[in-house]
Amino acid sequence: MKKTIEVPVARIIPKELKIHNDLRIDNYFWLNQRDDQNVLDYLNEENNYYEQETVHTKGFEVKLFEEMKARIKEDDSSVPYKYNGYWYIVRYEKGKGYPVYTRRKETLEAEEELLFDCNKMAEGHAYFRLVGLSVSPDNTMITFGMDLTGRRQYTLQIKSLITNEIFSDAIENTTGSSTWANDNSTLFYAKKDEQTLRSNEIFKHKIGDSEKDDVLVFTEEDDTFGAAVYKTKSRKYIIIACYSTLTNEFHVLNADTPDDSFKIFQPRVRGLEYSISHFENQFYILTNKDKATNFKLMKTPETKTGIDNWVEVIGHRDEVLLEDIEIFKDYLVISERTNGLNKIRITRWDKTQDYYLPFHNETYTANTGTNVDFDTEILRFGYNSLTSPASVIDFNMRTKEREIKKEQEVLDPNFDKNNYTSDRIWARAKDGTKIPMSLVRRKDTKLDGNAPLLQYAYGSYGSTIDPYFSTIRLSLLDRGFIYVIAHIRGSEYLGRDWYENGKLLQKKNTFTDFIDCSKHLIENKYTSKEHLYAMGGSAGGLLMGVILNQAPHLYNGVIAQVPFVDVITTMLDDTIPLTTGEYDEWGNPNNKEYYDYIKSYSPYDNVKTQDYPNLLVIAGLNDSQVQYWEPAKWVAKLRTHKQNNNKLYFNTNMDAGHGGASGRFESLKEDAQEYAFLLDLEGKID
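Numbering (the working numbering), first residue to last: 37 to 722.
Dropping the structure here:
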């Protein structure tokens with residue numbers, strides 16, 4: 037007989053929150069005290085409840101984990117790339133969960149030099165992440181950032197590649213990345229505000245000096261902006277980038293003279309977005325200047341960088357989103373998006389060639405890869421689709437010859453990509469807009485309304501989820517699931533307007549698009565209400581919270597990963613990491629118009645007394661982007677309002693942050709938990 041498990045009940049301590057003459061009562065505001073033992077006790081109580089309630093799936097979770105892991109080549113390595121005389125390689129060793137970084141001088145037959153073995157560095161730590169590797173111009177030193185909490189506050193350090201000694205220089209609370217000047221002794225790096233974690237200060241550091249002697253070279257005073265520092269691909273300039281959702285500003289410094297002052301490239305103008313790349317004596321600028329909604333390409337002399345000097349190179353096109361450029365000595369490569377599909381355009385500077393790489397289906401992803409070499413005719417790009425494993429391809433831009441450098445191996449003797457099929461289908465939103473979806477299934481999965489279907493979306497910040505191959509997803513597809521990515525408004529799948537129509541006072545389009553996609557899938561017999569599932573994380577978790585309140589009857593189950601669900605309270609608290617930089621995405625609720633609009637959809641504020649689908653909520657205690665207390669409060673409130681006996685599970689990773697567990701395979705355990713939740717609801721535990 038199954039032991040009766042008591043459902044966790046959070047204490048109710050009413051907190052009055054008043055603004056704009058509107059009073060909200062938050063019964064669970066107290067859960068935001070991270071170090072309070074009562075808070076930790078409650079989180080552990082929820083974790084224990086989840087573990088006990090799912091004890092019958094634990095063996096299946098292990099099976100799923102081993103199944104997912106078995107498809108991945110353990111002793112794997114990246115495709116080598118050459119930079120400044122060295123070939124750089126990342127490899128994985130069998131039985132180990134972290135990467136090993138190496139290099140070889142001039143040829144791949146040269147002796148391997150070990151840069152970092154993250155397996156050894158991670159020993160004794162519940163969480164470990166290495167980022168920001170940057171080699172000095174003379175190849176003798178390397179900088180790196182290390183995070184041991186998952187809160188993305190990195191300690192910046194320097195290692196000698198001659199002696200393998202790690203220098204005493206250890207700079208806390210950075211972004212993890214740094215940029216070398218050309219003198220091999222000067223570094224530029226960005227520090228974060230201790231409380232808000234906003235990257236707001238750029239420092240100059242001399243090798244061997246104490247951190248206290250570092251020179252503050254720039255401070256971003258506007259709390260809606262962040263700041264970063266990097267070097268141009270040409271290696272001539274150090275760039276400080278100031279960024280917000282709607283506006284950019286850059287400052288430039290010759291990398292040969294690091295003790296000079298940075299000069300402003302073009303002062304910020306609200307709503308003016310631009311990015312810069314350097315080539316010969318020109319800067320190339322990707323910008324929305326002159327209402328170029330989908331962006332255009334301009335150029336300006338490096339000595340006259342103000343906006344009045346910008347000259348058009350590629351004009352604005354209503355039907356084409358200009359996403360990025362890649363500059364080579366003889367070629368300009370342009371990444372575009374047309375009707376939702378990735379395009380790669382290659383043109384010679386001398387105008388003797390201008391063409392697109394050919395791609396032949398509608399459910400693929402193609403993007404430029406690691407192209408650090410400036411003087412080459414080889415473009416490296418990546419390609420995969422919902423049914424085709426990822427490939428890394430070297431393309432000769434002159435001869436148009438392709439060489440597949442690596443194709444993702446799927447170590448499953450039963451895998452055959454010909455067993456799967458993908459389609460792009462379109463739903464019609466309630467306002468008449470056509471919403472695209474990318475769908476993949478096994479060919480033998482019948483479209484009779486009885487197949488389980490997992491619908492995924494993100495839908496914010498202009499971030500586009502392109503159709504991609506996943507070995508993990510095979511565990512669902514092979515058990516009869518259909519998988520759908522809904523390309524809803526709030527992304528840039530159909531251009532910049534697609535994003536603009538899914539943010540601020542049009543944010544609700546994101547939510548209704550997802551719901552209308554669900555209705556289309558049901559009406560056209562891809563699935564049914566009894567077999568439809570939804571999943572999203574972070575801002576996509578906000579999406580999950582809204583659809584749960586507005587259309588709970590459409591779904592049998594929902595997975596909300598690190599969900600941003602307490603929008604009003606978070607956006608009114610400018611001490612929380614990232615809040616002030618988010619005003620251009622969600623609106624500033626200190627303004628009553630935005631307050632009223634956000635409140636009308638904020639999941640936490642709109643929990644209703646009604647039936648809810650089965651729900652699994654995932655959080656990270658050290659999350660710096662969506663604070664753990666948002667899902668904690670939301671779950672506590674849902675427990676008091678939901679009227680049925682459907683499952684409601686809340687699991688907090690007490691050692692991780694926004695990205696979940698560290699290590700190559702640890703994250704698979706989280707995937708296995710989520711898939712077990714879905715397959716249990718479908719009665720498909722085998």
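Here a beta-carbon is modelled for each residue, glycine too, at the ideal position from N, C-alpha and C.
Simplified DSSP assignment, three categories, for N378: In the structure shown, N378 adopts extended strand secondary structure according to DSSP, grouped into three states.
Per DSSP, which residues does Y391 bridge with? Please list them. I382, per the DSSP bridge assignment.
How would you label T435, buried or exposed, when you count the other beta carbons within 10 angstroms and need 16 or more for buried? Looking at its Cβ environment, which holds fewer than 16 other Cβ atoms inside 10 Å, T435 is exposed.
Please classify I518: does DSSP put it in a helix, a strand, or coil? Under the three-state reduction of DSSP, I518 is assigned to strand.
Contact between the region 647-657 and the region 593-600 is defined here as three or more beta-carbon pairs at a separation below 8 Å; is this criterion met? A contact exists between the region 647-657 and the region 593-600.
Buried or exposed for Q189, going by 16 or more other Cβ atoms inside 10 Å? Label assigned to Q189: buried.
Measure the beta-carbon distance from Y640 to V671 and round it to whole angstroms, keeping in mind my assumption that it falls under 8 Å. That pair is no contact at about 10 Å.
Measure the alpha-carbon distance for A708 versus S506 and round it to whole angstroms. Going from the Cα of A708 to the Cα of S506 covers about 14 Å.
From L223, Q444, F550, pick the residue whose C-alpha is nearest to that of Y591; which is it? Nearest of L223, Q444, F550 to Y591, Cα basis: F550.
Taking the alpha-carbon of S170 as reference, which of F152, Y78, H567, L568 has the nearest alpha-carbon? The option with the nearest alpha carbon to S170 is F152.
Starting from the C-beta of K242, find all residues in its chain whose C-beta is less than 7 Å away, skip the five residues before and the five after it, and write them out in chain order. Closer than 7 Å at the Cβ level, and outside the excluded window around K242, lie S221, T222.
Which residues bound the beta strand (DSSP E) around A570? Note, A570: beta strand (DSSP E), 568-573.
Find out if the Cβ-Cβ distance for the pair M473, A463 is shorter than 8 Å. In this structure, A463 lies closer than 8 Å to M473 by Cβ.
Looking at the secondary structure, which residues open and close the alpha helix (DSSP H) in which P294 lies? No alpha helix (DSSP H) holds P294; DSSP gives it neither H nor E.
Exposed unless 16 or more other CB atoms sit within 10 angstroms - verdict on A465: Of the residues assessed, A465 falls on the buried side of the cut-off, its CB having 16 or more other CB atoms within 10 angstroms.
6 Å CB neighbourhood of A46 in its chain, flanking five on each side removed: Taking A46 as the centre and dropping the five residues before and after it, the same chain places the C-beta of Y64, Y78, A672 closer than 6 Å to its C-beta, in chain order.
By how many angstroms is the C-alpha of L289 removed from the C-alpha of L704? Cα to Cα, L704 sits roughly 44 Å from L289.
Starting from K99, trace the alpha helix (DSSP H) in both directions and tell me its first and last residue. Taken as a continuous stretch (DSSP letters only), the alpha helix (DSSP H) holding K99 covers 94-106.
My assumption, with CB atoms under 8 Å, is that V643 sits in contact with N681. Please give the rounded CB distance. About 17 Å separates the Cβ atoms of V643 and N681, ruling out a contact at the 8 Å cut-off.
Between the C-alpha atoms of N403 and R353, what's the straight-line distance to the nearest angstrom? Each residue's Cα considered, the two are about 20 Å apart.
Leaving out five residues on either side along the sequence, give the residues of the same chain with a beta carbon under 8 Å from the beta carbon of I361. S313, Y320, L322, L333, L368, V369, I370, S371, listed in sequence order.
Nearest neighbour of D647, chosen from T616, A587, F701, L657 [CA to CA]: Selected option, being the one with the closest Cα: A587.
Assumed close pair T138, E147 - CB separation to whole angstroms, cut-off 8 Å: Between E147 and T138 the Cβ distance is about 10 Å, and since that is not below 8 Å, they are no contact.
DSSP on R60, reduced to helix/strand/coil? Secondary structure at R60: strand, using DSSP grouped into helix, strand and coil.
Which one or two residues does DSSP pair with L723 in a beta bridge? Here the chain comprises residues numbered 37 to 722, so residue 723 is not present and cannot be evaluated.
Take A570 as the anchor and find which of S214, Y122, L489, R478 has the nearest alpha-carbon. With distances taken between Cα atoms, A570 lies closest to L489.
Quick check on F286: buried or exposed, where buried means 16 or more other Cβ atoms within 10 Å of its Cβ? Buried, since its Cβ has 16 or more Cβ neighbours within 10 Å.
N-terminal and C-terminal residue of the beta strand (DSSP E) that H241 is part of: Where H241 is concerned, the enclosing beta strand (DSSP E) stretches over 235-242.
Distance check for L422 and R478, CA to CA, integer angstroms please. If I take the Cα positions, the gap works out to 11 Å.
Per DSSP, what are the beta-bridge partners of K54 in this structure? Answer is L59.
For E81 and L557, the rounded distance between their alpha carbons: So the alpha carbons of these two residues sit roughly 38 Å apart.
Test item: CB-CB of Y519 and L513 under 8 Å: Going by beta carbons, Y519 and L513 fall inside the 8 Å limit.
For G526, tell me which candidate among T281, D411, D452, I612 has the shortest Cα-Cα distance. Nearest of T281, D411, D452, I612 to G526, Cα basis: T281.
Please report the Cβ distance between V253 and Y225, rounded to the nearest whole angstrom; I am assuming they are in contact, meaning their Cβ atoms lie under 8 Å. Contact between V253 and Y225 does not hold, since their C-beta atoms are separated by about 10 Å, which reaches or exceeds 8 Å.
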